[in-house]
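Undergrad: After the structure tokens below, expect a handful of questions from me.
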Amino acid sequence: MQITSQTGMLGLIGHPVAHSKSPDMMNCACRELGLPFVYLAFDIDPQELGQAVEGMKALKFRGFNVTIPHKVAVMDYLDELDESAKEIGAVNTVVENSGKWVGHNTDGIGYLRSLTEEIAVQLDQQRVVMLGAGGAARAVGFALATAGVERITVANRTLAKAEQLANHLAKWVKTEAIKLDEAQSHIAKATLLINTTSVGMHPNTDQLPIPADWLHAKLIVSDLIYHPRETDLLAAAKALGAKTHNGMGMLVHQAAEAFTLWMGQRPPVQQMKKVLEAALTASD
Ligand code: NAP
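When we follow numbering that gives the first Met the number 0, the leftmost residue of the sequence shown carries the number 0, and every step to the right adds one.
The structure is reproduced here in structure tokens:
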């Protein structure tokens with residue numbers, strides 16, 4: 000793609016961002032659709048967040064993504080939040096709309112699209128146990144709760160955070176909060192187990208968030224981690240004959256949803272997946 004004086008700007012702000020595969024996916028989508036945009040990653044110190052956002056506004060970015068640690072703090076610099084950002088309490092996508100800068104959160108819908116694309120799942124029959132109660136859990140929990148799952152049990156190392164999230168999700172669905180080490184009997188009755196903790200993520204790949212013998216063959220086991228593509232949790236579930244789902248699809252679909260908000264058209268998701276796979280393999 001030729002960069003000219005007409006080329007539009009998209010980007011990512013985070014700290015750090017050097018590991019991010021978003022530029023690979025987003026620039027692939029722009030190229031494939033022949034859209035004259037470039038997407039760059041910017042490492043922004045927390046104390047410079049406001050200046051960075053004002054700079055992007057002045058430079059007339061079409062929009063930008065936001066990652067850790069700016070997903071909450073960026074809200075102070077935006078004009079509006081959509082429902083997803085308000086309910087999740089964090090922003091991962093900002094869109095310029097008639098001069099207003101609007102915060103969205105596409106993590107939850109990205110997760111849901113990935114899950115339903117990869118696994119034939121009847122959402123309204125799912126008894127969900129979600130391990131973890133951090134930012135990713137808030138997004139996934141909101142998406143599942145508003146999609147109408149039967150029940151969500153939030154199991155977290157820190158009980159107070161599980162209680163806070165379960166109370167919030169109770170607006171839409173039956174919920175309960177438990178400590179992570181009390182999850183065994185709940186998992187025995189569950190249909191969908193989701194690991195939203197960072198346990199098992201590179202470089203600590205030999206760790207599991209729960210003992211492997213708490214898993215069973217009737218579960219769908221979903222892990223938000225994508226590095227490695229198959230965590231030890233997913234490997235143990237697969238060995239039992241359970242259906243498994245990893246975090247790659249969520250990463251692609253949250254990006255695809257952000258792209259659609261900026262461009263008003265769906266990007267080529269399969270091409271983005273191929274590019275992501277290649278980028279992850281290159282950094283393994
Ligand atoms: P976060 O807000 O920091 O939350 C981390 C969660 O993990 C908390 O519930 C924390 O429990 C729990 N945890 C951390 N270390 C633990 C340990 N040793 N034992 C038990 N629990 C532990 O992080 P996040 O943004 O939600 O991200 C969580 C994971 O999701 C990461 O692996 C991230 O890469 C992944 N993720 C994937 C995608 C995707 O697109 N696939 C998107 C977002 C996030 P406490 O509350 O007790 O600290």
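Beta carbons: idealized from backbone N, C-alpha and C, even for Gly.
By the DSSP assignment, the beta strand (DSSP E) with residue 9 in it spans what residues?
TA: 7-13
Undergrad: Got a sec: does ligand 1 put a non-hydrogen atom nearer than 7 Å to the Cβ of residue 15?
TA: Every heavy atom of ligand 1 is 7 Å or more from the Cβ of residue 15, so no.
Undergrad: On a CA-only basis, which of 251, 221 and 234 is nearest residue 245? Give me that one, please.
TA: 221
Undergrad: Take residue 194 and list the residues in its own chain whose beta-carbon comes closer than 6 Å to its own, dropping the five residues that flank it on each side.
TA: Here the set comprises 130, 208, 222 and 232.
Undergrad: Could you name the residues that DSSP lists as bridge partners for residue 244?
TA: 221
Undergrad: Less than 7 Å separating the Cβ of residue 249 from some heavy atom of ligand 1?
TA: yes
Undergrad: Could you pull out every residue in the same chain whose Cβ sits closer than 8 Å to the Cβ of residue 228, ignoring the five residues on either side in sequence?
TA: 245, 247 and 279
Undergrad: Just to confirm, is the Cβ distance from residue 155 to residue 132 under 8 Å?
TA: Taking a C-beta distance under 8 Å as the contact criterion, residue 155 and residue 132 qualify as a contact pair.
Undergrad: Let me make sure I understand the geometry here. Which of 127, 70, 96 and 95 has the alpha-carbon closest to that of residue 84?
TA: 70
Undergrad: Report the residue from 81, 13, 27 and 34 whose alpha carbon sits nearest the alpha carbon of residue 49.
TA: 13
Undergrad: Use the C-beta contact count for residue 86: other C-beta atoms within 10 angstroms, 16 or more gives buried, fewer gives exposed.
TA: It counts as buried.
Undergrad: Report back the beta-carbon spacing between residue 107 and residue 142 to the nearest angstrom; my notes put them in contact at under 8 Å.
TA: 3 Å
Undergrad: Looking at the unbroken beta strand (DSSP E) that takes in residue 103, where does it start and where does it end?
TA: 99-103
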